[in-house]
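**Q**
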Amino acid sequence: MEKSFEPAQIESRWYAHWEASGAFKPPGHGEPYCILLPPPNVTGTLHMGHAFQQTVMDMLVRYQRMRGMNTLWQVGTDHAGIATQKIVENQLAIEEKTRHDLGRDAFIERVWKWKEESGSTITNQMRRIGTAADWTRERFTMDEGLSAAVRKVFIEWYRAGLIYRGNRLVNWDPVLGTAVSDLEVNNVERDGHMWSIRYPTTDGKDSLVVATTRPETMLGDVAVAVHPEDERYAHLVGKTLTLPLSGRQIPVLADDYVDREFGTGCVKITPAHDFNDYAIGMRHKLPLITIFTLDAKVNGEAPEKYRGLDRYDARKAVLADLDTAGLLVETRAHKLQVPVSQRSDAVIEPMLTDQWFVDLTSATQSDGRPGGRKAITEPALQAVRSGEIKFVPENWTTTYTQWLDNIQDWCISRQLWWGHRIPAWYDEAGNIFVGENEVDARAHATTEPVGALRQDEDVLDTWFSSALWPFSTLGWPGNGPVKNERGEIVANWEEDKIFLPSAVLVTGFDIIFFWVARMVMATKYFIGKSPFREIYINAIVRDAEGQKMSKSKGNTLDPLDLIDGIELEPLVQKSTMSLLIPQVRAKVEKRIRKDYPDGIPAIGTDALRFTFAALASYSRTINFDIKRAEGYKAFCNKLWNAARFVLMNLPEGEIVAPAGAPVTEAERWILTKLMLTIAQVEQRFTTYRFDHLAQALYEFVWNEYCDWFLELAKPALSGDDATAAASTRHTLLVVLETVLRALHPIIPFITEEIWQSVAPKLGLTEGSLMQRPWPHACEISEDNAATNEIEWFKSVLSGLRKIRAEMNISPGKIIPVLFADGEVSDRSRVAKFAMQISFLARTEAPQWIGSGANEPAAAAAVVGTLRVMIPLAGLIDLEAEKTRLTKEIVRIEGEIKKCEGKLGNANFVANAPAEVVAQERQRIADWNTTVGALREQAHKLRDSV
RNA sequence: GGGCGGUUAGCUCAGCGGUAGAGCACUGCCUUCACACGGCAGUGGUCGCAAGUUCGAUCCUUGCACCGCCCACCA
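Numbering-wise (the working numbering), the first sequence opens with residue 286 and increments by one.
Have a look at this one:
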């Protein structure tokens, strides 16, 4: 083995080997355990969030596989409608073409081509972080099998009356030219204005003033509303107004919706371009006047002079004209919430369009069949309320249920080309025919089609197919094996449905609504099962200061840069490459040069994974600190070198024969510690506390195995007792092999690499650590006696080290050590550990001083009633030792005082649980013993001068 | 406006009713034959503020302050 751990060499070796050997496939026996990968966008590249989330999943999957579960990690990618279409459209833009120049078929062909070339970027990156997924079953949301599932679901919901087509006000993205769902709209606070505009009454004798943030929409006003109990305007209700600029006569009406206190108390009503106004319009049976085209320009409904203007130009024109007419009463600054499209940053325009919806709100349909609320929403709520699906951490349950309680119908049609085309056809009279294809649609027709049929141009929301992921990937609807384009079987519903429900969904809270809730809805409806038993909501990865990672801030980290390392200049280059605004570019460059003056050091996949594990508490954000990752790189190196030490001490080429029972206390102690650690890790896997689990293993390896057991093994291996040496060798090896198994789910590469050297020494025949079973805590029995012995030894050694350090005795110098007082057990322990004490504390052979004998002046440590001493002669400053002793005595007296305070409180003794009182009494007794011995020592020290 | 988090050592975070912890950073000593990506020994905290419950509160309750996230139609 190399002297230090070099991740790059190791990592390149193992992944391909594992994948080729089929180690990631379900073993085909054992209890099913399935995890669904939230399919990343094909357009994506791996970011820290993916790396973290997949590390979590990978730990679970590798752990459960080792525990003998029939483990499936279902992977794939998402076609990401808008994102993918945009990439290809941008490519076309360089050629100065639009998708319309190509036409639908040619465009889609081009997107597929792009997918073939670039779609595997992210899956290859996933391999770099060790993702142990079954790639032979990789799916794509637009592959044939999943498309069949999409069609079936659409058709069944349609026939059940749960999908409908309607002309509704929807969130319209005028840049992308498509409807988007409520979830795809962000409300952003912007500085704007509030304008007050006078609307005169028809008779010209009176007027009222409306307040608006969007004056241009007045071209589509159909009424003005006031509050029913507002005396100021009561006399105007029922009268009509002359709408300025348009001249249209519009009524004044009363509606509770109006807030008397806000603005002027008069609201202009534009039902075709505002969701609230739409609702009022419905209540009062008002007409809907659409005044914008689909690219948000004023249309023919408006007066001639505004036609063709963009909505913001129209605003300027309207305001100018109102001002000229003397109708603009007031203009003042006003902060407002602007709906912005997540995908294009365009301001959303509510638009009346024909769209497809999934009914999620109606209790029953007109024909008596259950509506969407009852058939889809309620079961999804119930699954979580009943505990059939559990959120971890559980407070996300509230978020989930509150959203479902207030859900709106889901707009599923998108005016895009890339996606699942809606399986609906229209005849020349506008009748709708839904089916697998045109023939099927005709066959299910209830009316005779008029003329030719043409298919709906729209595609489905990307999340529609994602909602089916839990069962569509397993081969549903199940007409035999599903094959991929290479003819390989990727799923077979009859066999694979055992993986439903999956064990746990690991995902971010940002897609609880987009994805999680919808999977529950679809899976409950079509399969009658929950898609998963638990939902582990992972934290969002931020930078070390808790800032969201974003390219324009320059605080993003590429997980692959952490793994491989990157020099400063390439890092600057890569971070600023996509930034177009020079100021932003300069700012980012400055930050990078400041944060990473030497670039990023290569920490390797294992250390990155361990860092993620160590940071994965129940907190909802994790602030990624590269310093911490470097610490875990050091841990990997520590493990590496511990293994190197063990292997160096084994005989060449032989199997280390399993000895009988372990001979030394140290062995029995380390085995006990190991067992307790394994038990803790197992428990913490069940609660998803990866931070605790990682910490337990870290502490075991570093603080127990390396710091103490390896040190104790050194004298044992070089000592005269051949039996103890042989036994120690075996235990060193067994503990190492066990801990490699325990660590493998977190740090798969380094553990495999080491294991390959370790396995032959134990005569293990599995080809890979992946095939070894997870260690069972019960394989080893707990030995409290040995633990007590070793804890005693640690105290003695620590005492000696402290004296050496504080008295500045050179670490290499061999010094005498004396023992005095103590119990009978101390005598036997000193004898038993004499060699280890001498070896590790660098002392001469321990010597006892009789109780009556003259003691030399010495520095001392106290362990129980035992005094451990280093004679002063030539080594130690007497005054310094006196000071040291006094300080220690004062400290302990403080502790005793605290205990006495508690025990002197009658209420404490009367009310505290008996064991707490007993514990306090024990503590005070121990302190008294220690302080007694220290005083004795101080006394002797005075005498000896 | 509603909901959910957070506030503990210089930094990043655990702990959540009975002696305040980890990693990194920092100080001193040490290149000792697994490891300087190391060893040994240390420094460092009135656990955001206030009141309450309790024998006892960093931990429970209430209020307040500050930071953050999600949802929502105030024109």
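Glycine residues also receive a C-beta, built at the ideal position from the N, C-alpha and C atoms.
Closer than 8 Å by C-beta to residue 1112: which residues in its own chain qualify, once you throw out the five before and the five after it? Chain order, please.
**A** If you number the first sequence from 1, residue 1112 lands on position 827. Answer for residue 1112: 1133, listed in chain order.
**Q** Do you know how far the Cα of residue 954 is from the Cα of residue 1242?
**A** Limits of the chain in this structure are 286 at one end and 1230 at the other, which puts residue 1242 out of reach.
**Q** Would residue 702 pass as a contact of residue 723 if the rule is Cβ separation under 7 Å?
**A** Taking the first sequence and counting its residues from 1, the one referred to as residue 702 is at position 417. Taking the first sequence and counting its residues from 1, the one referred to as residue 723 is at position 438. No; because the gap between Cβ atoms is not below 7 Å, this pair is not in contact.
**Q** I need the boundaries of the beta strand (DSSP E) containing residue 1154, first residue and last residue.
**A** Locating residue 1154 in the first sequence gives position 869, where the first residue counts as 1. Note, residue 1154: beta strand (DSSP E), 1151 to 1156.
**Q** To the nearest angstrom, how far is the alpha carbon of residue 480 from that of residue 525?
**A** Taking the first residue of the first sequence as position 1, residue 480 is located at position 195. Taking the first residue of the first sequence as position 1, residue 525 is located at position 240. Spanning the two alpha carbons is a distance of roughly 21 Å.
**Q** Starting from the C-beta of residue 355, find all residues in its chain whose C-beta is less than 7 Å away, skip the five residues before and the five after it, and write them out in chain order.
**A** Within the first sequence, the letter at position 70 stands for residue 355. The answer, listed in chain order, is 311, 312, 313, 314, 315, 316, 317 and 318.
**Q** Which value, in whole angstroms, describes the spacing of the CA atoms of residue 1009 and residue 997?
**A** The residue labelled residue 1009 in the question sits at position 724 within the first sequence. The residue labelled residue 997 in the question sits at position 712 within the first sequence. Going from the Cα of residue 1009 to the Cα of residue 997 covers about 12 Å.
**Q** Does the beta-carbon of residue 609 have 16 or more other beta-carbons within 10 angstroms, so that it is buried, or is it exposed?
**A** If you number the first sequence from 1, residue 609 lands on position 324. Classification for residue 609: exposed.
**Q** Which term fits residue 1192, buried or exposed, when burial requires 16 or more other beta carbons within 10 angstroms of its beta carbon?
**A** In the first sequence, counting from the first residue as 1, residue 1192 sits at position 907. Its Cβ having fewer than 16 others within 10 Å, residue 1192 is exposed.
**Q** What are the partner residues of residue 1211, as DSSP defines its beta bridges?
**A** For the purposes of this step, residue 1211 is identified with residue 926 of the first sequence, where counting begins at 1. DSSP, once it has assigned bridges, lists no residue as partnering residue 1211.
**Q** So for residue 843, helix, strand or coil by DSSP?
**A** For this step, residue 843 is matched to residue 558 along the first sequence. Residue 843 falls in the coil class under three-state DSSP.
**Q** Enumerate in chain order the residues of its own chain whose CB-to-CB distance from residue 1209 is below 8 Å, with the five nearest sequence positions on each side excluded.
**A** Counting from 1 along the first sequence, the entry for residue 1209 is found at position 924. Excluding residues within five positions, the ones whose Cβ falls inside 8 Å are 1181, 1184, 1185 and 1188.
**Q** On the criterion of 16 or more Cβ atoms from any shown chain inside 10 Å, does residue 705 qualify as buried, or is it exposed?
**A** Here residue 705 is taken as the residue at index 420 of the first sequence, counted from 1. So residue 705 counts as buried.
**Q** Less than 8 Å between the CB atoms is what I'm expecting for residue 745 and residue 697, so what's the real figure, rounded?
**A** One-based indexing of the first sequence puts residue 745 at position 460. One-based indexing of the first sequence puts residue 697 at position 412. Correct: roughly 5 Å between the Cβ atoms.
**Q** To the nearest angstrom, how far is the alpha carbon of residue 474 from that of residue 495?
**A** Looking up residue 474 in the first sequence gives position 189. Looking up residue 495 in the first sequence gives position 210. Cα to Cα, the separation comes out at about 22 Å.
**Q** Got a sec, what are the start and stop residues for the beta strand (DSSP E) residue 930 sits in?
**A** For the purposes of this step, residue 930 is taken as residue 645 along the first sequence, with counting starting at 1. From DSSP, residue 930 is part of no beta strand (DSSP E) but of the alpha helix (DSSP H) over 911 to 933.
**Q** Within the same chain, show all residues whose beta-carbon is closer than 6 Å to that of residue 307, passing over the 5 residues directly before and after it, in chain order.
**A** Taking the first residue of the first sequence as position 1, residue 307 is located at position 22. Counting only Cβ-Cβ distances below 6 Å, and skipping sequence neighbours, we find nothing.
**Q** For residue 973, which of helix, strand or coil comes out of DSSP?
**A** In the first sequence, residue 973 corresponds to position 688, counting from 1. It is coil, neither helix nor strand.
**Q** Here's the rule: buried if 16 or more other CB atoms are within 10 angstroms of the residue's CB, otherwise exposed. What is residue 900?
**A** Taking the first sequence and counting its residues from 1, one reaches residue 900 at position 615. Classification for residue 900: buried.
**Q** Let me know the secondary structure DSSP gives residue 594 once reduced to three states.
**A** Within the first sequence, the letter at position 309 stands for residue 594. Coil, per DSSP.
**Q** Which term fits residue 567, buried or exposed, when burial requires 16 or more other beta carbons within 10 angstroms of its beta carbon?
**A** Here the question's residue 567 lines up with position 282 in the first sequence. Result: exposed.
**Q** Would you please state the rounded distance, in angstroms, between the beta carbons of residue 470 and residue 668? I believe it to be under 8 Å.
**A** As a position in the first sequence, residue 470 is number 185, starting the count at 1. As a position in the first sequence, residue 668 is number 383, starting the count at 1. About 27 Å separates the two Cβ atoms, so there is no contact after all.
**Q** Taking residue 535 and residue 488 to be in contact with their CB atoms under 8 Å, please state how far apart those CB atoms are, rounded to whole angstroms.
**A** The sequence position of residue 535 within the first sequence is 250, counting from 1. The sequence position of residue 488 within the first sequence is 203, counting from 1. No, residue 535 and residue 488 are not in contact; Cβ-Cβ is about 14 Å, not under 8 Å.
**Q** Ignoring anything shorter than 4 residues or poking outside the stretch 327 to 398, list the alpha helix (DSSP H) runs there in chain order.
**A** 333 to 351, 366 to 379 and 384 to 387, all fully within the stretch 327 to 398.
**Q** For my contact list, residue 712 and residue 735 are in at a C-beta cut-off of 8 Å; report their separation, rounded to the angstrom.
**A** Counting from 1 along the first sequence, the entry for residue 712 is found at position 427. Counting from 1 along the first sequence, the entry for residue 735 is found at position 450. So it is a contact: roughly 5 Å between Cβ atoms.
**Q** Does the Cβ of residue 1107 have 16 or more other Cβ atoms within 10 Å, making it buried, or fewer, making it exposed?
**A** Locating residue 1107 in the first sequence gives position 822, where the first residue counts as 1. So residue 1107 counts as buried.
**Q** Starting from the C-beta of residue 1214, find all residues in its chain whose C-beta is less than 7 Å away, skip the five residues before and the five after it, and write them out in chain order.
**A** In the first sequence, residue 1214 corresponds to position 929, counting from 1. Answer for residue 1214: 1149 and 1150, listed in chain order.
**Q** Could you give the distance in angstroms between the alpha-carbon of residue 380 and the alpha-carbon of residue 847?
**A** Locating residue 380 in the first sequence gives position 95, where the first residue counts as 1. Locating residue 847 in the first sequence gives position 562, where the first residue counts as 1. About 36 Å.
**Q** Enumerate, from N- to C-terminal direction, the unbroken alpha helix (DSSP H) stretches of 4 or more residues contained entirely within the stretch 1183 to 1208.
**A** If we require 4 residues or more, the alpha helix (DSSP H) runs fully inside the stretch 1183 to 1208 come out as 1191 to 1196.
**Q** DSSP state of residue 738, grouped into three classes?
**A** Numbered from 1 along the first sequence, position 453 holds the residue referred to as residue 738. Reduced to three states, the DSSP call for residue 738 is coil.
**Q** Give a yes or no on contact between the stretch 295 to 309 and the stretch 1037 to 1055, applying the rule of three or more CB pairs nearer than 8 Å.
**A** Because the criterion of three Cβ pairs below 8 Å is met, the stretch 295 to 309 and the stretch 1037 to 1055 touch.
**Q** Compare the C-alpha of residue 372 against each of 872, 456 and 461 and name the closest.
**A** Within the first sequence, residue 372 is the residue found at index 87, counting from 1. Selected option, being the one with the closest Cα: 461.
**Q** Over what stretch of residues does the beta strand (DSSP E) that includes residue 825 continue unbroken?
**A** Here residue 825 is taken as the residue at index 540 of the first sequence, counted from 1. Counting along the chain, the beta strand (DSSP E) containing residue 825 begins and ends at 825 to 827.
**Q** Residues in the same chain with beta-carbon distance under 6 Å from residue 815, minus the five sequence neighbours each way, listed in chain order, please.
**A** Position 530 of the first sequence, counting from 1, holds the residue named residue 815. Correct list, in chain order: 668, 673, 674 and 786.
**Q** Measuring alpha carbon to alpha carbon, tell me which residue in 1098, 563 and 808 is nearest residue 452.
**A** Taking the first sequence and counting its residues from 1, the one referred to as residue 452 is at position 167. Nearest C-alpha to residue 452: 563.
**Q** Apart from the five residues on each side of it in sequence, which residues of its chain come closer than 6 Å, Cβ to Cβ, to residue 777?
**A** Looking up residue 777 in the first sequence gives position 492. So the qualifying residues of the chain are 760 and 766.
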